[in-house]
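A.B. asks:
There are 2 protein chains.
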Amino acid sequence: MQTITATDVYAEDLTPGLVLELGSHTMTEAEIVDFASQWDPQFFHTDPERAACEGQLGGLIASGLHTLSVYQRLSILARTEFWHVIGGAGLRDVRFRRAVRPGDVLTGRSVVEELTLEPERQRGLAAFAGELTNQHGKPVLQLVMSAYLVSRPA
Amino acid sequence: MQTITATDVYAEDLTPGLVLELGSHTMTEAEIVDFASQWDPQFFHTDPERAACEGQLGGLIASGLHTLSVYQRLSILARTEFWHVIGGAGLRDVRFRRAVRPGDVLTGRSVVEELTLEPERQRGLAAFAGELTNQHGKPVLQLVMSAYLVSRPA
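Line order of the protein sequences matches chains A and B.
My numbering numbers the first residue of the first sequence as 8 and each following residue consecutively.
My numbering numbers the first residue of the second sequence as 8 and each following residue consecutively.
(1) Please state whether DSSP places B:Leu84 in a helix, a strand or coil.
(2) What are the start and end residues of each continuous alpha helix (DSSP H) run of 4 or more residues lying completely inside the segment 65-145 of chain B, in chain order?
(3) Enumerate in chain order the residues of its own chain whose CB-to-CB distance from A:Phe89 is below 6 angstroms, with the five nearest sequence positions on each side excluded.
(4) Which residues of chain A have a Cβ atom closer than 8 angstroms to the Cβ of B:Ala96, listed in chain order?
(5) Along the segment 68-79 of chain B, where does the CB come closer than 7 angstroms to a CB of chain D? Name the residues.
(6) I'd like to know whether the C-beta atoms of B:Arg99 and A:Arg99 end up nearer to each other than 8 angstroms.
(7) Suppose you measure from the CA of A:Arg130 to the CA of A:Ser158; what does that come to, to the nearest Å?
(8) Taking B:Pro48 as the query, report the chain A residues whose CB atoms sit under 8 angstroms from its CB, ordered along the chain.
(9) Here's the rule I'm using: 16 or more other beta-carbon atoms within 10 Å means buried, otherwise exposed. How should B:His52 be labelled?
(10) Say whether chain B places a C-beta atom closer than 8 angstroms to the C-beta of A:Arg108.
(11) Residues of chain B with a CB under 8 angstroms from the CB of A:Leu124: which are they?
(12) With C-beta atoms as the reference, is B:Val107 less than 8 angstroms away from B:Ile68?
(13) In or out: B:Arg57 buried (at least 16 other Cβ within 10 Å) or exposed?
(14) List the endpoints of the continuous alpha helix (DSSP H) containing A:Ser44.
(15) Is it true that the segment 131-140 of chain A meets the segment 26-37 of chain B, where meeting means three or more beta-carbon pairs spaced less than 8 angstroms apart?
(16) Between which residues of its own chain and A:Val119 is the CB-CB distance below 7 angstroms, once the five residues before and five after are set aside?
(17) Can you tell me which of B:Tyr17, B:Pro160, B:Leu29 and B:Thr12 puts its alpha carbon nearest to the alpha carbon of B:Tyr78?
(18) Among the residues of its own chain, which have a CB less than 6 angstroms from the CB of B:Thr74, if the five just before and after it don't count?
(19) Can you list, in chain order, the residues of its chain whose CB lies under 8 angstroms from that of B:Trp7, leaving out five sequence neighbours each side?
(20) Report back the beta-carbon spacing between B:Gln156 and B:Ala18 to the nearest angstrom; my notes put them in contact at under 8 angstroms.
(21) Should B:Ser117 be labelled buried (16 or more other beta-carbon atoms within 10 Å of its own) or exposed?
(22) With 16 other CB atoms within 10 Å as the buried threshold, where does A:Val112 fall?
(23) Could you tell me the alpha carbon to alpha carbon distance between B:Val92 and A:Val151, rounded to whole angstroms?
(24) Compare the beta carbon distance of A:Gly94 and B:Leu64 with 8 angstroms and say whether it is the shorter of the two.
(25) Return helix, strand or coil for A:Ala154, following the three-state DSSP convention.
(26) What are the residues of the segment 33-65 of chain B that lie near chain A, defined by any Cβ-Cβ distance shorter than 8 angstroms?
(27) Could you name the residues of chain B that A:Val3 contacts, counting a contact when the two beta carbons are closer than 7 angstroms?
(28) Can a CB atom of chain A be found closer than 8 angstroms to the CB of B:Arg128?
(29) Over what stretch of residues does the alpha helix (DSSP H) that includes A:Thr53 continue unbroken?
(30) Can you pull the chain B neighbours of A:Val157, defined as C-beta to C-beta under 8 angstroms?
(31) Compare the C-alpha of B:Pro126 against each of B:Pro160, B:Gly97, B:Gly115 and B:Arg102 and name the closest.
(32) What residue does the beta strand (DSSP E) around B:Thr33 start on, and which one ends it?
(33) Within its chain, find whatever has a CB closer than 7 angstroms to the CB of A:Ser44; leave out the 5 residues flanking it on each side and keep chain order.
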């Protein structure tokens, strides 16, 4: 397995195949309700009682955006190096594979899928294939996230 | 232009071509910093002073996940009908087209792109092509979001 050995991470350090273990996050009912109350106010994300009675998936489930945000939080907190990020470029193939419920423990993993250097702009675009799995080892989220990083100075 | 006339929205009501105007949201520095501090803690999203000096994009910018969450919030709040949603399925082709900064006013629009009915499961999968534009009429976010809805009862 490849690991990062640099203390400053530039685009060139993100070689395809590099695996990043992102650690875990426990989903609480309070956090699920909080997130969704602000950003995705649908009753099956915000009202545990009504979700239990009327929800099509049997009880409160986390917003997909919340799950996606957990993935991003883990990605950033897992960095022990300083990453010279310019900004995010986009997301593709985001799949909410299973319902995420209070008490679920989500564990993240990311693999560098592709690196496209743009030497004339002193930057590179890295694509990461990411996944969150629950405490049963089942995937709940899969995605590809792309971000621009600064190129290593000559 | 097609509009929704039902008070209860089932999968069958989301015919391709249907346009949904989602209203607007003003981005504040406080909200940008708050969101990113929890979900995307990178200095160019959380630290205005450092972002101004060291940020590659010249000052504080919103997390892409924050912009995406604004889109979802507007989508839900724009509904005057009761939508029989089962849950989100995924996102594709999410593009962060331009930096979003404090003071930007984002306006949303969504068009039903595709509807795939699954009669044997009494549901349908609707895909929405969504966009947020800023106060200069320039796109900042483009995406396709898919969600399952209950089929209209016979």
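Using N, Cα and C, we set each Cβ at its ideal position, and we do this for glycine too.
C.D. replies: Walking through what the data contain:
(1) In the second sequence, residue 84 of chain B corresponds to position 77, counting from 1. In this structure, B:Leu84 counts as helix in the three-state DSSP scheme.
(2) 71-84
(3) As a first step, residue 89 of chain A must be located in the first sequence, where it is residue number 82. Correct list, in chain order: Asp15.
(4) For the purposes of this step, residue 96 of chain B is identified with residue 89 of the second sequence, where counting begins at 1. By Cβ distance, chain A contributes Arg102 and Phe103.
(5) Any reference to chain D falls outside this structure, whose protein chains are A and B.
(6) Residue numbering aside, residue 99 of chain B sits at position 92 when the second sequence is read from its first letter. Residue numbering aside, residue 99 of chain A sits at position 92 when the first sequence is read from its first letter. Annotated as proximal: B:Arg99 and A:Arg99, with beta-carbon spacing under 8 angstroms.
(7) Translated into positions along the first sequence, residue 130 of chain A becomes position 123. Translated into positions along the first sequence, residue 158 of chain A becomes position 151. Approximately 5 angstroms between the Cα atoms of the pair.
(8) The sequence position of residue 48 of chain B within the second sequence is 41, counting from 1. By Cβ distance, chain A contributes Arg80, Ile83 and Leu84.
(9) By 1-based counting over the second sequence, the position of residue 52 of chain B is 45. Buried: at least 16 other Cβ atoms inside 10 Å.
(10) Against the first sequence, residue 108 of chain A aligns to sequence position 101. No, because no Cβ of chain B sits closer than 8 angstroms to the Cβ of A:Arg108.
(11) The sequence position of residue 124 of chain A within the first sequence is 117, counting from 1. Ordered by position in chain B, no residue passes the 8 angstroms Cβ test against A:Leu124, which lies about 16 angstroms from the chain.
(12) On the second sequence, position 100 is the one that residue 107 of chain B refers to. On the second sequence, position 61 is the one that residue 68 of chain B refers to. Going by C-beta atoms, B:Val107 is nearer than 8 angstroms to B:Ile68.
(13) Along the second sequence, read from residue 1 onward, the residue named residue 57 of chain B stands at position 50. Exposed, since its Cβ has fewer than 16 Cβ neighbours within 10 Å.
(14) By one-based count along the first sequence, residue 44 of chain A stands at place 37. Glu36 to Trp46 is the span of the alpha helix (DSSP H), which, as asked, contains A:Ser44.
(15) no
(16) The residue you call residue 119 of chain A lines up with position 112 of the first sequence. Close CB contacts of A:Val119 within its chain, under the 7 angstroms cut and outside five residues either way in sequence, are with Leu21, Thr22, Pro23, Gly24, Leu25, Ala133 and Phe135 (chain order).
(17) As a first step, residue 78 of chain B is located in the second sequence; it is residue number 71 there, counting from the start. Of the listed residues, the one whose Cα sits closest to B:Tyr78 is B:Leu29.
(18) The residue labelled residue 74 of chain B in the question sits at position 67 within the second sequence. Listed in chain order, the non-local C-beta contacts of B:Thr74 below 6 angstroms within the same chain comprise Val107 and Leu148, local neighbours out to five positions each way being set aside.
(19) Residue 7 of chain B lies beyond the range of chain B shown here (8 to 161); nothing can be said about it.
(20) Indexing the second sequence from 1 puts residue 156 of chain B at position 149. Indexing the second sequence from 1 puts residue 18 of chain B at position 11. Going by the sequence as given, residue 156 of chain B is Leu instead of Gln. So it is a contact: roughly 4 angstroms between Cβ atoms.
(21) The residue labelled residue 117 of chain B in the question sits at position 110 within the second sequence. By the neighbour-count definition (other C-beta atoms within 10 Å, threshold 16), B:Ser117 is a buried residue.
(22) Counting from 1 along the first sequence, the entry for residue 112 of chain A is found at position 105. Exposed, because fewer than 16 other Cβ atoms sit within 10 Å of the Cβ of A:Val112.
(23) On the second sequence, residue 92 of chain B is found 85 positions in, with the first residue counted as 1. On the first sequence, residue 151 of chain A is found 144 positions in, with the first residue counted as 1. Rounded to the nearest angstrom, the two C-alpha atoms are 25 angstroms apart.
(24) Numbered from its first residue, the first sequence carries residue 94 of chain A at position 87. Numbered from its first residue, the second sequence carries residue 64 of chain B at position 57. Yes, these two residues count as a Cβ contact at 8 angstroms.
(25) Residue numbering aside, residue 154 of chain A sits at position 147 when the first sequence is read from its first letter. Reduced to three states, the DSSP call for A:Ala154 is strand.
(26) Gln45, Trp46, Asp47, Pro48, Gln49, Phe51, Gln63 and Leu64
(27) In this structure chain A extends from 8 to 161, so residue 3 of chain A is not present and cannot be described.
(28) Position 121 of the second sequence holds residue 128 of chain B. Taking Cβ atoms only, chain A never reaches closer than 8 angstroms to B:Arg128, which makes this a no.
(29) Position 46 of the first sequence holds residue 53 of chain A. Run containing A:Thr53: Phe50 to Thr53, per the alpha helix (DSSP H) assignment.
(30) To locate residue 157 of chain A, count along the first sequence from 1; it is residue 150. What A:Val157 touches in chain B: Gln63.
(31) Here residue 126 of chain B is taken as the residue at index 119 of the second sequence, counted from 1. Answer by Cα proximity: B:Pro160.
(32) In the second sequence, residue 33 of chain B corresponds to position 26, counting from 1. Residues Val26 to Thr33.
(33) What you label residue 44 of chain A is simply residue 37 of the first sequence in a count that begins at 1. Cβ neighbours of A:Ser44 beyond the five flanking positions: Thr53.
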